[in-house]
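A.B. asks:
Numbering (this note's numbering), first residue to last: 46 to 227.
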């Protein structure tokens with residue numbers, strides 16, 4: 046399970062003019078937030094992903110919740126907590142850098158999922174047509190930035206949203222028809 050972080054133009058670069066403004070990044074008290082149809086969302090606290098939780102940040106929490114864990118609650122203080130955040134490396138945003146990270150980690154191939162897609166669907170439930178339009182724009186951006194087959198090692202997955210079945214089928218057919226780089 047690998048995730049890419051989308052750049053701030055991932056939803057807007059290919060958005061048709063009539064949908065301009067549906068997705069915006071806005072400043073709120075010195076922090077960048079995403080606004081969908083002029084409603085600020087905190088679903089993803091930092092939608093720019095410039096600072097993110099470090100890999101494994103929730104390991105201790107999961108160990109303490111697992112009844113079969115060898116980590117007891119009284120040992121929690123003995124374990125050093127991870128840093129609150131890290132500066133997101135290029136490998137979280139770019140396929141070339143991700144390949145280097147995969148090599149360092151001994152990962153041969155990876156399926157890659159977009160991170161903000163669920164935010165789009167959840168926040169656009171009242172507008173199924175806009176949902177399909179924005180998801181299509183995201184898929185176009187993903188194909189340009191990541192392709193759907195990067196060097197036969199990274200396989201990003203386009204999003205097929207389902208509010209309107211005919212549009213979902215058309216998006217699937219469009220994504221299947223995109224030539225893949227390999």
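Beta carbons are placed, not taken as given, at the ideal position from N, Cα and C, and that holds for glycine. Note that the structure is a prediction, hence the values are computed from the model and not measured.
What whole-angstrom Cβ distance do residue 133 and residue 96 have, given they're in contact under 8 Å?
C.D. replies: 7 Å
A.B. asks: Can you look up residue 137 in the DSSP assignment and give me helix, strand or coil?
C.D. replies: In the displayed model, residue 137 falls within a helix according to three-state DSSP.
A.B. asks: Whose C-alpha, out of 102, 110, 92, 84, is nearest the C-alpha of residue 159?
C.D. replies: 92
A.B. asks: Where are the alpha helix (DSSP H) runs, 4 residues long or more, that stay fully inside the segment 57–103, in chain order?
C.D. replies: none
A.B. asks: Measure how close the beta-carbons of residue 176 and residue 206 come, nearest whole angstrom, since I'm counting them as under 8 Å.
C.D. replies: 5 Å
A.B. asks: To the nearest angstrom, how far is it from the Cα of residue 215 to the Cα of residue 89?
C.D. replies: 29 Å
A.B. asks: Terminal residues of the continuous beta strand (DSSP E) containing residue 205?
C.D. replies: Where residue 205 is concerned, there is no enclosing beta strand (DSSP E), given that its DSSP letter is neither H nor E.
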